[in-house]
Each structure stands twice: as C-alpha cells, then as structure tokens.
Ligand SMILES: *[C@@H]1O[C@H](CO)[C@@H](O)[C@H](O)[C@H]1NC(C)=O
Ligand SMILES: *[C@@H]1O[C@H](CO)[C@@H](O)[C@H](O)[C@H]1NC(C)=O
Ligand SMILES: *[C@@H]1O[C@H](CO)[C@@H](O)[C@H](O)[C@H]1NC(C)=O
Ligand SMILES: *[C@@H]1O[C@H](CO)[C@@H](O)[C@H](O)[C@H]1NC(C)=O
Ligand SMILES: *[C@@H]1O[C@H](CO)[C@@H](O)[C@H](O)[C@H]1NC(C)=O
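Residue numbers (mature numbering (1 follows the signal peptide of the UniProt record, and there is no 0)): -22 to -1, 1 to 188.
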C-alpha cells in the first residue's frame, strides 16, 4: 500500500467522523489529561499518536491483525468519543463475529476487497462485498464480521469508532474461551460435550479489555 493511500484514508476517515454522533459521556473540560501527565508541560505531542507509523510501507499481513488507536493506546482520546483501528487481513483471513458494546464502527476499505456483514436484533443479516474505496457502517452493539475471501491478496481497512473505547466482545472467545460450563454450552448449542470441548480447545482466553 502506498504511503499516500493511508494518509488519504486517515484524513477522509477523520472528516467523515464529523457526521457521526458522539457516544461517550460529555466532559466538562476541553480535554482530559491523565493524572500522571503534568498539565503545565502539555504540548502537541500529547495529542499525537504515532503508533501507526510502523504500518506505513510495512510488509503485507500474514494473519488477521488489528492495530488500535483507542483510549488505552492514546490517552488524549478520553472524552472525545472517537478512536481508530487499522485492520489488516491476510489472504483468506477472517475477523470472527464480534460486537463493540460502546461504539458504532465506520469501516473504510483502503486496499483489496472484503466481505462484511452484521446481524440486527431481529436476526436479519445485512452483508456486502466491499471494493477498495467503499465505506460500511456497523451499527453500535450489533454482531458483525469481516472476511477477505481473496486467497492470494491481502486487504486493509481503517475503522473509526464512535467511542474512545468501543470495547470488543468476540463471540467465539466469549462463549468458548472463558470457562462457561461444558454442559451448559452443550445444552445451549444443542450438541454434546465432546463437540464443546473441541471448540474450547482451539480458543484461547481473551486479552485484557481496555
Ligand atoms: C509541572 O511542570 C511545571 C513546569 O515545568 C513545574 O513547575 C511543576 O513543578 C511540575 N509539577 C509537577 C507535579 O511535577
Ligand atoms: C512536548 O512534550 C513532550 C513530553 O512532555 C516533550 O518530550 C517534548 O520535548 C515537548 N516538545 C516541545 C516542542 O516542547
Ligand atoms: C451474503 O451472504 C450470503 C451467504 O449468507 C452469500 O451467499 C452472499 O454472496 C453474500 N452477499 C454478499 C454481497 O457478499
Ligand atoms: C484477488 O487478488 C488477485 C491478485 O491481486 C486479483 O487478481 C483478483 O482479482 C482478486 N480477486 C478478487 C475476487 O478480488
Ligand atoms: C457429538 O456430536 C457430534 C456431532 O453431532 C457427533 O459426530 C459425535 O459422534 C457426538 N459424540 C458423542 C460422544 O456423542
């Protein structure tokens, strides 16, 4: 991916964000400075996140990879109701069904093609195959996925979130990777404990939530 493509993507993503409504609680100050930062020494660096620089001109992804710029990585986002993630899809890779409980997601596909979809609360599936340059909205809290069906080429998307800390609930990990009783899961999924254990075996516990 050319350098300018990422730059254009980020600029467009930012301007689009003005159209979405905020999700986090309003703050009573212009911005929020963490206690460990000396307020009187603040300058532009506090409002700058450089953790995406390594992606520019980097190697194509070999797995599905997420690089986040959310409250956890970028404290200046506190109270601003916005954050970013760059999603890199290796050929044939999937971002399994998941939700973001605190924010909607505006995905901008900047390289490759991508199958995406979400399911609403009436269990209706809305899916689409995106081309480079397309933008897709995943409504707040709904289960969604992305899949790069191309078996030879990678894909890259930039996602903006309507929360500084949109949160992640991975359906496979939450259900099968957190120690819920085998019998309860077997009953819930109308299957047997052997099948549940096979599913559990391949799913590791989730990383600490931001
Ligand atoms: C914060 O920075 C100012 C200006 O450099 C300094 O005078 C003050 O002692 C610092 N405060 C703390 C708590 O370090
Ligand atoms: C801005 O603040 C950072 C962190 O306190 C400091 O390292 C940097 O030198 C400052 N930059 C300028 C131009 O003062
Ligand atoms: C939507 O998903 C169905 C399978 O559920 C698939 O057959 C169809 O091709 C998908 N549509 C798009 C536009 O990706
Ligand atoms: C997959 O990638 C190859 C190589 O870039 C390209 O020729 C092909 O058109 C892509 N296929 C799809 C379905 O986008
Ligand atoms: C468990 O369910 C799977 C899938 O239906 C089946 O193939 C398997 O034989 C079952 N195992 C036991 C021990 O019942």
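C-beta atoms are modelled at their ideal positions from N, C-alpha and C, and glycine is treated no differently.
Values in this document were obtained by computation on a predicted structure and should not be read as measured data.
(request) Provide the residue span of the beta strand (DSSP E) that contains residue 94, from first to last. (result) Here the beta strand (DSSP E) through residue 94 covers 92 to 97.
(request) Report the partner residues of residue 116 according to the DSSP bridge assignment. (result) In the DSSP assignment, the residues bridged to residue 116 are 83.
(request) Put residue 126 into one of helix, strand or coil per three-state DSSP. (result) It is coil, neither helix nor strand.
(message) Closer than 7 Å to a non-hydrogen atom of ligand 1 - does that hold for the CB of residue 16?
(response) True, at least one ligand heavy atom lies under 7 Å from that Cβ.
(message) Suppose the cutoff is 8 Å on Cβ atoms and the five residues either side in sequence are ignored; what does the same chain contact list for residue 181 look like?
(response) Only 150, 151, 154, 155 meet the Cβ criterion.
(message) If you reduce the DSSP assignment to three classes, tell me which class residue 88 lands in.
(response) Strand, per DSSP.
(request) Let me know the beta strand (DSSP E) ranges lying completely inside the region 136 to 166, each 3 residues or longer, listed in chain order. (result) With a minimum length of 3 residues, no continuous beta strand (DSSP E) run stays inside the region 136 to 166.
(message) Is it buried or exposed, residue 92, if we count other Cβ atoms within 10 angstroms and call 16 or more buried?
(response) Residue 92 comes out buried.
(message) Considering only their Cβ atoms, is the gap separating residue 97 from residue 64 smaller than 8 Å?
(response) Cβ atoms of residue 64 and residue 97: not closer than 8 Å.
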